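Visitor: In the working numbering, the protein residues as written are 1 to 353. Beta carbons: idealized from backbone N, C-alpha and C, even for Gly. A quick note: this is a predicted structure, and the numbers were derived from the prediction, not measured. Structure incoming, see below.
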Amino acid sequence: MRELGIEIGNFPTGPHNAITDVPGVLVGHATIVMDKPRVARTGVTVILPRAGEIWRDHAFAAMHSFNGDGEMTGSHYVAEFGLLHTPIAITNTHQVGVVRDALVQHGHELGGADIFSLPVVAETYDGWLSDADGAHVRAQHVRAAIAEASSGPVAEGNVGGGTGMICHEFKGGIGTASRRVSSGGNTYTLGALVQANYGARHLLRVDGVPVGRTLDVKRIPSAWNEAAPAEGSIIVVLATDAPLLAVQCKRLAQRATVGLARVGGVGHNGSGDIFICFATGNHVPPKAQTEIALTMLPHAQLNPFFEAVAEVVEESILNALTSAETMTGFHGRVAHALPLDELQALMARRTTA
């Protein structure tokens, strides 16, 4: 989106403006697009903290459910222990189990048969553009996403778990952003990755401009027909290298709601708006039997992080929208891309007003 001359917020970005700017965080996608034997517009996205060593070096974490019509496996463990101990994967609603099982197997291959794992796998529903009952995502796709995971720029839009997603009645998908945050005399990185599959057109705002009112369904057809509700879901993953405890991760996860609201998300009845935050600034060995030395930022130093969370979530959603391309899918349904030239014109009007 910054290539369009639109910049969100005040904090500086990391070098890639992506969640991978957080040291050690890797992201990989496996994208499945085919028409036979069954229509597939789907995939899986994986996030590997600590360059994949999260199995052996756990991180403090917490999740927040803004509206709970969705699934995130492993969330009870995260809530109980305040720890993340596996990679995070995001896929479509009907393939959560397959992806979870593949992550369990991946952990066994890394650590032996006795490794304990309750993987975190989240979902949004892509059944409007993809044949959701086609069982397209398989273990090899999860392995492929892990194998290609890297710390560089992150592909956005119609990729991975976001391949068949719809956002504000335009084509949606995967988006990411990052911020550099100074607090307590140190500078840390905060990143977000979203799978955006929610929202009504008339609510869409870009940096406060109500573009959805102008780019309405009469001008650019909705991805949905009249029988389908414009609800859907969004998954938000937040990562930081700051030394935060689980309760502080919870506080950051809650603030993802602010960024979502800025773009036009209101937590519709049928939305699965579920957010998770992990912090790698402390190290928690899984088999420790003695005291563990920890550091933490004072709660009073978290305000810059709260502001930055709102910024990265807002920009991640907008990056998903501006990176996605028009897609034709199941039953010939079409999800149109957000028209970037018209978006630029609308934003320029604000600048000159």
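Out of Gln248, Gly28, Met72, which has the shortest C-alpha to C-alpha gap to Gly52?
Guide: Of the candidates Gln248, Gly28, Met72, the one whose C-alpha sits nearest the C-alpha of Gly52 is Gly28.
Visitor: Could you tell me the alpha carbon to alpha carbon distance between Ser178 and Asp133, rounded to whole angstroms?
Guide: Their backbone Cα atoms lie some 35 Å apart in a straight line.
Visitor: What separation, rounded to the nearest whole angstrom, lies between the Cα atoms of Leu26 and Val142?
Guide: Approximately 14 Å between the Cα atoms of the pair.
Visitor: Taking the continuous alpha helix (DSSP H) assigned at Val313, which residues delimit it?
Guide: Taken as a continuous stretch (DSSP letters only), the alpha helix (DSSP H) holding Val313 covers 303-323.
Visitor: Do the CB positions of Val120 and Ala139 come within less than 9 Å of each other?
Guide: Contact flag unset, no.
Visitor: Let me know if Thr187 comes out buried or exposed under the rule of 16 or more other beta-carbons within 10 Å of its beta-carbon.
Guide: Exposed.
Visitor: Can you give me the Cβ contacts of Ala102 inside the same chain, cut-off strictly under 6 Å, excluding the 5 residues immediately before and after it?
Guide: If we look at Ala102 and ignore the five residues flanking it on each side, its Cβ neighbours are Ala139, Val142.
Visitor: Less than 9 Å between the C-beta atoms of Val194 and Ala320, yes or no?
Guide: In this structure, Ala320 lies closer than 9 Å to Val194 by Cβ.
Visitor: Which first and last residues belong to the beta strand (DSSP E) in which Ser183 is found?
Guide: Segment 173-183, the beta strand (DSSP E) holding Ser183.
Visitor: Between Gly24 and Arg50, which are expected to be in contact by the criterion C-beta below 8 Å, what is the C-beta distance as a whole number of angstroms?
Guide: Contact holds; Cβ gap of about 5 Å.
Visitor: Ignore the nearest five residues each way along the sequence and tell me which others in Asn269's own chain have a CB closer than 8 Å to its CB.
Guide: Excluding sequence neighbours, Asn269 sits near Asn67, Asp69, Glu231.
Visitor: Count Cβ pairs between the stretch 280-290 and the stretch 237-248 that sit closer than 8 Å; are there 3 or more?
Guide: Flag = yes, the stretch 280-290 and the stretch 237-248 touch.
Visitor: Between Met296 and the rest of its own chain, which residues show a CB-CB distance below 6 Å, the 5 nearest in sequence each way excluded?
Guide: Once the five neighbours on either side are set aside, the close Cβ partners of Met296 are Pro243, Leu245.
Visitor: How long is the line joining the alpha carbons of Ile8 and Ala293, rounded to whole angstroms?
Guide: Rounded to whole angstroms, Ile8 to Ala293 spans 37 Å at the Cα level.
Visitor: Mapping DSSP to helix, strand and coil, what is Leu118?
Guide: In this structure, Leu118 counts as coil in the three-state DSSP scheme.
Visitor: May I ask you to list the residues that DSSP assigns as paired with Ala261?
Guide: Answer is none; Ala261 lacks a bridge partner.
Visitor: Tell me the rounded alpha-carbon separation between Ala300 and Pro285.
Guide: Near 28 Å, if we compare the C-alpha coordinates of Pro285 and Ala300.
Visitor: Check Met63 in the structure and name its three-state DSSP category.
Guide: Met63: strand per DSSP, three-state reduction.
Visitor: Can you give me the Cβ contacts of Met72 inside the same chain, cut-off strictly under 6 Å, excluding the 5 residues immediately before and after it?
Guide: Excluding positions up to five away in sequence, the list reads Ala122, Ile274.
Visitor: Around the C-beta of Pro87, are 16 or more other C-beta atoms found within 10 angstroms, so that it is buried, or is it exposed?
Guide: Looking at its Cβ environment, which holds 16 or more other Cβ atoms inside 10 Å, Pro87 is buried.
Visitor: In the structure shown, what three-state DSSP assignment does Val266 receive?
Guide: Coil, per DSSP.
Visitor: With Asp273 as the anchor, note down where its beta strand (DSSP E) starts and where it stops.
Guide: Looking at the DSSP string, the run of the beta strand (DSSP E) that includes Asp273 is 272-284.
Visitor: Leaving out five residues before and five after Pro304 in sequence, what residues of the same chain have Cβ atoms less than 6 Å from its Cβ?
Guide: Here the set comprises Val181, Ser183.
Visitor: Does DSSP put Glu291 in a helix, a strand or coil?
Guide: If DSSP states are grouped into helix, strand and coil, Glu291 belongs with coil.
Visitor: Suppose the cutoff is 7 Å on Cβ atoms and the five residues either side in sequence are ignored; what does the same chain contact list for Thr96 look like?
Guide: Here residue 96 turns out to be Val, not Thr, going by the sequence shown. Same-chain partners within the cutoff: Glu71, Thr73, Val121, Glu123.
Visitor: Would Leu84 and Met327 be called neighbours here (beta carbons separated by less than 9 Å)?
Guide: Contact: no.
Visitor: Whose C-beta lies closer than 6 Å to the C-beta of Met1 among residues of the same chain, with five residues either side of it excluded?
Guide: Closer than 6 Å at the Cβ level, and outside the excluded window around Met1, lie Leu318, Asn319, Thr322.
Visitor: So Thr45 and Gly161 are supposed to be a Cβ contact under 8 Å. How far apart are they, rounded?
Guide: Sure, about 4 Å apart at Cβ, within 8 Å.
Visitor: Roughly how many whole angstroms lie between the Cα atoms of Ala145 and Thr31?
Guide: C-alpha separation (whole angstroms): 9 Å.
Visitor: Once DSSP output is grouped into helix, strand and coil, what is the label at Ile54?
Guide: Looking at Ile54 - three-state DSSP - the assignment turns out to be helix.
Visitor: So, is Gln248 buried or exposed, given that buried needs 16 or more other C-beta atoms within 10 angstroms?
Guide: Flag for Gln248 reads buried.
Visitor: For Ala239, list the residues DSSP reports as bridge partners.
Guide: According to DSSP, Ala239 bridges with Gly191, Phe278.
Visitor: From the DSSP output, read off the bridge partner residues of Glu123.
Guide: Beta-bridge pairing links Glu123 to Thr91.
Visitor: Indicate whether Ala258 and Val313 have their beta-carbon atoms separated by less than 9 Å.
Guide: Checking the displayed sequence, the identity of residue 258 turns out to be Val instead of Ala. Against a cut-off of 9 Å, the Cβ pair of Val313 and Val258 comes out as a contact.
Visitor: Closest to Val236 by C-alpha separation, out of Glu3, Ile19, Asn10, Gly185, would be which residue?
Guide: Residue Ile19 is the option with its Cα nearest to Val236.
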